[in-house]
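Using my numbering, the letters of the sequence shown map in sequence onto residues 110 to 303.
Just so you know, even glycine gets a beta-carbon here, dropped at the ideal spot from N, CA and C.
Computed from a prediction, not measured in an experiment: that's the story for all the values here.
For reference, the structure discussed in these notes is given below.
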Amino acid sequence: MDYTPSFTVQIDLASGAIPVPGIIQRRFLSDMPGYYADADAENALKAANPLIYEVHYGWDAPKIDGQLSFGTTIIHPGRVGDEFFMTKGHYHAKAQCAEVYYGLSGTGVLLLMTPQGETQYQEMRAGTVAYVPPYMAHRTVNVGSDNFVFLSLFAADAGYDYGSIEQSGFASIVVADGAGYRVIANPRFNGVTR
Ligand code: S6P
Ligand code: ZN
110 MDYTPSFTVQ IDLASGAIPV PGIIQRRFLS DMPGYYADAD AENALKAANP LIYEVHYGWD
170 APKIDGQLSF GTTIIHPGRV GDEFFMTKGH YHAKAQCAEV YYGLSGTGVL LLMTPQGETQ
230 YQEMRAGTVA YVPPYMAHRT VNVGSDNFVF LSLFAADAGY DYGSIEQSGF ASIVVADGAG
290 YRVIANPRFN GVTR
């Protein structure tokens, strides 16, 4: 039996950084064409191409049954038009795999959607544990003026289905409302998603 050695990593709670030679994924606006509802606002930001979010994985987990992956997601503050910076969002390729999110700093909204396009949302801040149920697409949104940082913990072989959300969009979007936010129907949502 090849046992995985135990280990710890130290997460900087404010920045979300994991100071190990881990895997970091960065998503710029150019990595998310057509994801935001306001195409003119997206065009206006094209040249600046802001960094929207980063994922810092805690380790390179073997993608096999039984192993767990974890990492921090850092969503920078900002908007495309009225719509707050957000992750791409995905179903798990093994759609039955649930996931846990744990808020570390800042304020965010977790959007959840069934394949029939029914959405729910949960507000997250430092200390919030949010459960992402099986079969639900999930996307996170930074609704504050600082970085929104959370830890995610999930089956290492859950996988990612980005294509469904890329095509359909999310049925709900999160937009600015004065100093706060509101969750509204997405005018670009195009039906059943998976
Ligand atoms: C993985 C988990 C998170 C996201 C991350 C970025 O199952 O849900 O680690 O990968 O928050 O979001 P996305 O939609 O770009 O993968
Ligand atoms: Zn996930």
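Is there contact here, the segment 205 to 214 with the segment 238 to 248, by at least three beta-carbon pairs under 8 Å?
yes
Does DSSP classify Glu227 as helix, strand or coil?
coil
Which same chain residues end up closer than 7 Å to Ala126 when comparing Cβ atoms and leaving out the 5 residues on each side of it in sequence?
His165
Over the uninterrupted beta strand (DSSP E) stretch that includes Asn338, give me the two end residues.
Nothing in the structure corresponds to residue 338, since the chain is present only between 110 and 303.
The ligand ZN heavy atom lying under 6 Å from the CB of Glu232:
no
Nearest-angstrom Cα distance between Ile282 and Phe194?
11 Å
Note down the Cα distance separating Asp121 from Val292, rounded to an integer number of angstroms.
30 Å
Where Asp270 falls: helix, strand or coil (DSSP):
strand
Range covered by the beta strand (DSSP E) that runs through Ala239:
Val238 to Val241
Report yes or no: do the segment 243 to 257 and the segment 196 to 210 share at least 3 C-beta pairs separated by less than 8 Å?
yes
Alpha-carbon to alpha-carbon, Trp168 and Gly180:
8 Å
I'd like to confirm the pairing. Which residues does DSSP put opposite Arg188 in its beta bridges?
Phe193
Where Val129 and Ala235 are concerned, what is the direct C-alpha to C-alpha distance, given to the nearest angstrom?
23 Å
Alpha carbon of Ala277 to alpha carbon of Gly300, nearest angstrom
The question names Ala, but residue 277 is Ser in the sequence shown. For Ser277 and Gly300, the distance between alpha carbons rounds to 6 Å.
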